[in-house]
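Beneath this line is the structure, given in structure tokens, with notes to follow.
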Amino acid sequence: GQSLEQPSEVTAVEGAIVQINCTYQTSGFYGLSWYQQHDGGAPTFLSYNALDGLEETGRFSSFLSRSDSYGYLLLQELQMKDSASYFCALRGEDKIIFGKGTRLHILP
Amino acid sequence: DGGITQSPKYLFRKEGQNVTLSCEQNLNHDAMYWYRQDPGQGLRLIYYSQIVNDFQKGDIAEGYSVSREKKESFPLTVTSAQKNPTAFYLCASSNDIEAFFGQGTRLTVV
Chain E
81 GQSLEQPSEV
91 TAVEGAIVQI
101 NCTYQTSGFY
111 GLSWYQQHDG
121 GAPTFLSYNA
131 LDGLEETGRF
141 SSFLSRSDSY
151 GYLLLQELQM
161 KDSASYFCAL
171 RGEDKIIFGK
181 GTRLHILP
Chain Y
122 DGGITQSPKY
132 LFRKEGQNVT
142 LSCEQNLNHD
152 AMYWYRQDPG
162 QGLRLIYYSQ
172 IVNDFQKGDI
182 AEGYSVSREK
192 KESFPLTVTS
202 AQKNPTAFYL
212 CASSNDIEAF
222 FGQGTRLTVV
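These protein sequences, in sequence, are chains E and Y.
The first sequence: position 20 = 100 (the numbering used here), numbered continuously.
The second sequence: position 98 = 219 (the numbering used here), numbered continuously.
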């Protein structure tokens, strides 16, 4: 089967950098994605990694190591509006499976 | 504007009743998904469809049914067999990289 593990909560200070890790198990791998969800809202796409390495999009970066079945999302220059839940998602052969999400708390 | 639309936003149902949640997309995506989200939980896959007239069970399909008669539409029926249907339901469509979500339907059983 497929499964993903990520921390349930992370706390960081405004202006700092935070890393959210994700490990996965799957028999078929196409890519690892990251989504942001604010309370009461729908998830929105942040990034996608199909190959090993770092992908950068503004203040957000995502990393993938297929040999380690591991990825992370890096958020820089944290802002209060980044307080949200972040989900890693596994794209398998025919479906997308999500992790349980990491709640990011940002302190002023 | 292209997007994915779920309706209604809030839905109340009496125990023992079936209810159908609507999901429509105009993004021309082949793949569509239904997820359930409970408070503080991740998204659990109910059903998914990669092509018209075909769909597959996800991890928590019991008590739910779907149809995919048109590419644009993927309605979800919550049946009376679903023991704990109160939840936030999210529909998504996808290209090869990104999933696009509707705004969700919050179902409450009263």
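All residues carry an ideal CB built from backbone N, CA and C; glycine is no exception.
Asked                                                                                                                            : Found
One or two residues paired with Glu89/E in a DSSP bridge                                                                         : Arg183/E
Contact the region 130-143 of chain E vs the region 157-177 of chain Y: 3+ CB pairs below 8 angstroms                            : no
Residue-chain proximity (Glu183/Y, chain E), Cβ-Cβ < 7 angstroms                                                                 : no
CB contact flag (Ser214/Y, Gln158/Y, <7 angstroms)                                                                               : no
Which listed residue (Asn139/Y, Gly137/Y and His150/Y) has its alpha carbon closest to that of Phe222/Y                          : His150/Y
Proximity winner among Thr226/Y, Gly179/Y, Arg134/Y and Thr126/Y, relative to Gln82/E (alpha-carbon distances)                   : Gly179/Y
Host beta strand (DSSP E) of Glu135/E (start-end)                                                                                : Gly133 to Thr137
Residue environment, Gly137/Y, which counts as buried when at least 16 other CB atoms sit within 10 Å                            : exposed
Inter-stretch contact at 8 angstroms, needing at least 3 Cβ pairs: the region 121-130 of chain E / the region 138-156 of chain E : yes
Enclosing beta strand (DSSP E) for Gly111/E [first to last residue]                                                              : Gly111 to Gln117
Option in Ala122/E, Gln99/E, Gln86/E and Ser113/E with minimal Cα separation from Leu170/E                                       : Ser113/E
Anticipated Cβ contact below 8 angstroms, Gln99/E with Phe167/E, distance rounded                                                : With 8 angstroms as the limit, Gln99/E and Phe167/E do not qualify as a contact, their Cβ atoms being about 15 angstroms apart.
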